[in-house]
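Chains as they are written, first to last, in the working numbering: chain A, 1 to 198; chain B, 199 to 396; chain C, 397 to 594. Ideal Cβ placement from N, Cα and C applies to all residues, glycine included. All remarks here apply to the structure that follows.
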Amino acid sequence: MFLLGLVVEAMTAALAAGRRSMDWVGVCLLGSVTALGGGSVRDVLLGHHPLTWVAHPWYLLLTCGAALLTIPLARYMHRFKRLFLLLDAVGLVTFTVVGCNVAQSMDMPFIIVIVSGMITGCAGGVLRDMLCTTIPLLFRAELYATVSVATGILYVGGQQAGFDHDPVMLVAMITGLSIRMLALRFGWSMPKFVYTRD
Amino acid sequence: MFLLGLVVEAMTAALAAGRRSMDWVGVCLLGSVTALGGGSVRDVLLGHHPLTWVAHPWYLLLTCGAALLTIPLARYMHRFKRLFLLLDAVGLVTFTVVGCNVAQSMDMPFIIVIVSGMITGCAGGVLRDMLCTTIPLLFRAELYATVSVATGILYVGGQQAGFDHDPVMLVAMITGLSIRMLALRFGWSMPKFVYTRD
Amino acid sequence: MFLLGLVVEAMTAALAAGRRSMDWVGVCLLGSVTALGGGSVRDVLLGHHPLTWVAHPWYLLLTCGAALLTIPLARYMHRFKRLFLLLDAVGLVTFTVVGCNVAQSMDMPFIIVIVSGMITGCAGGVLRDMLCTTIPLLFRAELYATVSVATGILYVGGQQAGFDHDPVMLVAMITGLSIRMLALRFGWSMPKFVYTRD
Numbered sequence: 001m002f003l004l005g006l007v008v009e010a011m012t013a014a015l016a017a018g019r020r021s022m023d024w025v026g027v028c029l030l031g032s033v034t035a036l037g038g039g040s041v042r043d044v045l046l047g048h049h050p051l052t053w054v055a056h057p058w059y060l061l062l063t064c065g066a067a068l069l070t071i072p073l074a075r076y077m078h079r080f081k082r083l084f085l086l087l088d089a090v091g092l093v094t095f096t097v098v099g100c101n102v103a104q105s106m107d108m109p110f111i112i113v114i115v116s117g118m119i120t121g122c123a124g125g126v127l128r129d130m131l132c133t134t135i136p137l138l139f140r141a142e143l144y145a146t147v148s149v150a151t152g153i154l155y156v157g158g159q160q161a162g163f164d165h166d167p168v169m170l171v172a173m174i175t176g177l178s179i180r181m182l183a184l185r186f187g188w189s190m191p192k193f194v195y196t197r198d
Numbered sequence: 199m200f201l202l203g204l205v206v207e208a209m210t211a212a213l214a215a216g217r218r219s220m221d222w223v224g225v226c227l228l229g230s231v232t233a234l235g236g237g238s239v240r241d242v243l244l245g246h247h248p249l250t251w252v253a254h255p256w257y258l259l260l261t262c263g264a265a266l267l268t269i270p271l272a273r274y275m276h277r278f279k280r281l282f283l284l285l286d287a288v289g290l291v292t293f294t295v296v297g298c299n300v301a302q303s304m305d306m307p308f309i310i311v312i313v314s315g316m317i318t319g320c321a322g323g324v325l326r327d328m329l330c331t332t333i334p335l336l337f338r339a340e341l342y343a344t345v346s347v348a349t350g351i352l353y354v355g356g357q358q359a360g361f362d363h364d365p366v367m368l369v370a371m372i373t374g375l376s377i378r379m380l381a382l383r384f385g386w387s388m389p390k391f392v393y394t395r396d
Numbered sequence: 397m398f399l400l401g402l403v404v405e406a407m408t409a410a411l412a413a414g415r416r417s418m419d420w421v422g423v424c425l426l427g428s429v430t431a432l433g434g435g436s437v438r439d440v441l442l443g444h445h446p447l448t449w450v451a452h453p454w455y456l457l458l459t460c461g462a463a464l465l466t467i468p469l470a471r472y473m474h475r476f477k478r479l480f481l482l483l484d485a486v487g488l489v490t491f492t493v494v495g496c497n498v499a500q501s502m503d504m505p506f507i508i509v510i511v512s513g514m515i516t517g518c519a520g521g522v523l524r525d526m527l528c529t530t531i532p533l534l535f536r537a538e539l540y541a542t543v544s545v546a547t548g549i550l551y552v553g554g555q556q557a558g559f560d561h562d563p564v565m566l567v568a569m570i571t572g573l574s575i576r577m578l579a580l581r582f583g584w585s586m587p588k589f590v591y592t593r594d
């Protein structure tokens with residue numbers, strides 16, 4: 001599921017690259033930065049070395065390959081838009097759980113474990129948007145960071161409440177996934193803060 | 199004063215988020231990244247782990263709280279604009295001194311100590327502007343980085359010249375604060391470099 | 397050659413700063429971030445401390461000096477445009493080799509050594525473009541990252557094939573340099589991926 005998440009994030013980033021007419025190198029780079037960026041930001045902030053892709057360099061080949069494969073497949077991808085949104089949400093909750101695990105393995109306190117999960121799930125998309133010079137979607141759109149935080153709290157809180165790891169993880173991921181899909185389906189979003197003075 | 203600096207930076211970033219109609223999550227994230235980003239960039243570059251907010255996770259609650267509190271308070275904040283500019287300048291010189299201290303505790307050479315202070319004082323605002331996709335204000339506006347560098351040089355140079363720590367710190371901070379407030383009052387700024395060819 | 401690369405990168409970044417009417421502080425900062433940013437990103441990702449400019453603080457004076465010197469020289473620089481493009485390409489292949497060496501000294505696998513070279517050669521320009529809020533040129537322009545990767549593969553592959561270090565390095569750098577200059581001369585570029593749907 002982690003690898004699936006990498007592939008899906010790389011492919012959606014490749015589409016974003018195509019919307020800005022980037023060349024094939026840009027497609028590879030944007031795909032890899034988006035897919036692996038969240039974990040990299042987490043590891044750099046927590047001082048957790050080596051980074052995932054440094055320990056497993058073939059992840060880079062996977063993300064570059066997925067990004068390049070998007071170029072010929074792009075014309076068919078809109079038919080699978082819903083599938084992609086679902087897989088993207090699966091990636092989000094998987095990355096969140098992975099990020100929580102990394103911080104737990106470093107004996108970090110509760111808040112940092114949750115933040116580590118959120119960074120892993122969300123920072124890749126923020127980097128993608130910054131490289132495309134658009135204001136990060138995360139900061140203005142449907143429950144995305146919120147889903148990550150909710151998944152993390154359920155996952156870590158459930159473990160601390162004494163439940164077994166596997167069922168807690170399953171419940172947390174399915175809950176997060178459900179919130180995300182319902183938010184997409186019904187257009188749920190956080191209230192906006194609009195400030196116009198000066 | 200450090201905590202006050204965090205609160206003020208988070209609140210001004212929240213206003214910037216509001217100007218771009220971000221949602222509440224974006225307000226929290228932008229506020230936290232701005233307030234804690236300068237110290238994080240410094241610690242990552244110097245290899246100084248754990249980061250401040252990793253060691254003190256409740257700082258994250260403080261910055262998120264300050265950012266969220268800005269939403270209901272925004273309509274009254276323009277009345278205290280001068281107070282905010284003053285507190286922002288207090289935050290700048292305080293962050294600068296904190297950043298110098300971190301580099302000094304790692305036995306860094308003079309230049310790196312000054313740069314560490316400047317990064318701590320200024321990098322949060324650069325991250326904020328990058329996330330808002332505007333060219334960092336720091337690169338084109340009133341003496342801000344300059345104030346930070348001046349404060350750092352006075353503070354570190356004064357110590358090296360043999361003066362006691364506390365009076366030197368006080369003089370450096372008050373001098374930096376004064377330059378910043380005078381620059382705001384009289385519209386002082388660095389000369390610009392305008393290049394139009396090609 | 398490494399120092400020459402720093403100077404040239406700082407000067408081209410200073411021109412970019414001038415095109416956006418930044419002030420002298422912005423010129424210094426953008427010049428330094430561009431020249432030293434590639435190596436810094438590499439070192440932070442690989443956990444390779446201290447960073448180059450932390451170990452050699454006078455590099456910061458060099459990049460600030462080169463950036464500031466660009467201000468009075470800017471009006472004459474267009475006459476040396478070709479020379480600058482050549483020196484910029486020399487910087488690219490030099491930085492690439494330096495980046496490969498750093499990863500080799502940490503016993504990194506082949507792919508990471510190549511990526512380390514590419515990050516060292518290219519990430520500074522990406523940071524420059526992000527700070528100027530333009531989509532990184534690297535993602536959409538003439539063979540730049542490609543030159544870096546080709547240089548790295550020749551350099552590292554040649555060593556692994558048993559050739560002596562110095563001739564391999566020379567061949568790799570001259571080949572990279574030639575590709576870059578030919579690409580500029582004949583307008584070679586990677587194919588673009590254009591995606592317009594939605």
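Cβ pair residue i, residue j closer than 9 Å
{"i": "Val543 (chain C)", "j": "Arg576 (chain C)", "result": "yes"}
{"i": "Cys518 (chain C)", "j": "Leu534 (chain C)", "result": "yes"}
{"i": "Ala212 (chain B)", "j": "Thr268 (chain B)", "result": "yes"}
{"i": "Pro446 (chain C)", "j": "Gly245 (chain B)", "result": "yes"}
{"i": "Val494 (chain C)", "j": "Met514 (chain C)", "result": "no"}
{"i": "Met199 (chain B)", "j": "Val450 (chain C)", "result": "no"}
{"i": "Tyr591 (chain C)", "j": "Arg19 (chain A)", "result": "yes"}
{"i": "Ser314 (chain B)", "j": "Val291 (chain B)", "result": "no"}
{"i": "Val113 (chain A)", "j": "Val156 (chain A)", "result": "yes"}
{"i": "Leu73 (chain A)", "j": "Leu3 (chain A)", "result": "no"}
Neighbourhood of residue i by C-beta, 7 Å cutoff - its chain only, sequence neighbours within 5 removed
{"i": "Leu527 (chain C)", "result": "Leu426, Val429"}
{"i": "Gly422 (chain C)", "result": "Ala413"}
{"i": "Cys262 (chain B)", "result": "Cys226, Gly229, Ser230"}
{"i": "Asp484 (chain C)", "result": "Val404, Thr408"}
{"i": "Thr133 (chain A)", "result": "none"}
{"i": "Ala343 (chain B)", "result": "Met316, Cys320, Leu336"}
{"i": "Gln500 (chain C)", "result": "Val509"}
{"i": "Thr516 (chain C)", "result": "Gly434, Gly435, Arg438, Phe491, Thr492, Val494, Gly495"}
{"i": "Leu382 (chain B)", "result": "Leu283, Glu340"}
{"i": "His363 (chain B)", "result": "Gln357"}
Residue-chain proximity (residue i, chain A), Cβ-Cβ < 9 Å
{"i": "Met304 (chain B)", "result": "no"}
{"i": "Gly443 (chain C)", "result": "yes"}
{"i": "Arg478 (chain C)", "result": "no"}
{"i": "Trp386 (chain B)", "result": "no"}
Contacts around residue i, its chain only, beta-carbon distance under 8 Å, and the 5 residues preceding and following it disregarded
{"i": "Thr448 (chain C)", "result": "Leu432, Gly435, Ser436, Asp439, Tyr455"}
{"i": "Met418 (chain C)", "result": "Leu426"}
{"i": "Phe480 (chain C)", "result": "Val404, Met407, Thr408, Met473"}
{"i": "Gly402 (chain C)", "result": "The amino acid occupying residue 402 (chain C) in the given sequence is Leu; Gly does not appear at that position. Result list for Leu402 (chain C): Ala431, Leu432, Tyr455, Leu458, Thr459, Ala462, Gly487, in chain order."}
{"i": "Val564 (chain C)", "result": "Leu550, Tyr551, Gly554, Gln555"}
Beta carbon proximity, residue i to chain B, threshold 9 Å
{"i": "Pro587 (chain C)", "result": "no"}
{"i": "Phe95 (chain A)", "result": "no"}
{"i": "Leu482 (chain C)", "result": "no"}
{"i": "Pro453 (chain C)", "result": "yes"}
{"i": "Pro167 (chain A)", "result": "no"}
{"i": "Arg42 (chain A)", "result": "no"}
Within-9 Å CB hit, residue i to chain C
{"i": "Thr70 (chain A)", "result": "yes"}
{"i": "Val392 (chain B)", "result": "yes"}
{"i": "Leu61 (chain A)", "result": "yes"}
{"i": "Ala17 (chain A)", "result": "yes"}
{"i": "Leu336 (chain B)", "result": "yes"}
{"i": "Met130 (chain A)", "result": "yes"}
Within chain E, partners of residue i - CB distance below 8 Å
{"i": "Val8 (chain A)", "result": "In the displayed structure, chain E is absent; the protein chains listed are A, B and C."}
CA nearest to the CA of residue i, picked from the options
{"i": "Ile111 (chain A)", "options": "A:His56, A:Gly152, A:Val7", "result": "A:Gly152"}
{"i": "Arg326 (chain B)", "options": "A:Gly124, A:Pro136, A:Asp166", "result": "A:Pro136"}
{"i": "Ala166 (chain B)", "options": "B:Met388, B:Pro270, B:Arg395", "result": "Since the first residue shown for chain B is 199 and the last is 396, residue 166 (chain B) is missing from the structure and cannot be characterised."}
{"i": "Leu154 (chain A)", "options": "A:Lys81, A:His165, A:Ser178, A:Ala172", "result": "A:Ala172"}
{"i": "Ala463 (chain C)", "options": "C:Val564, C:Ile570, C:Thr529, C:Trp420", "result": "C:Trp420"}
{"i": "Arg593 (chain C)", "options": "A:Phe163, A:Lys81, A:Leu45", "result": "A:Lys81"}
{"i": "Met106 (chain A)", "options": "A:Leu182, A:Ser178, A:Leu45", "result": "A:Leu45"}
Residue i Cβ short of 8 Å to the ligand MN heavy atom set
{"i": "Gly521 (chain C)", "result": "Here there are no bound small molecules, and the ligand MN is not part of this structure."}
With a floor of 4 residues, list each alpha helix (DSSP H) that falls wholly inside the region 553-578 of chain C, ordered by position along the chain. none
If we require 4 or more residues per run, which alpha helix (DSSP H) segments fall completely within the region 263-339 of chain B? 279-303, 308-329
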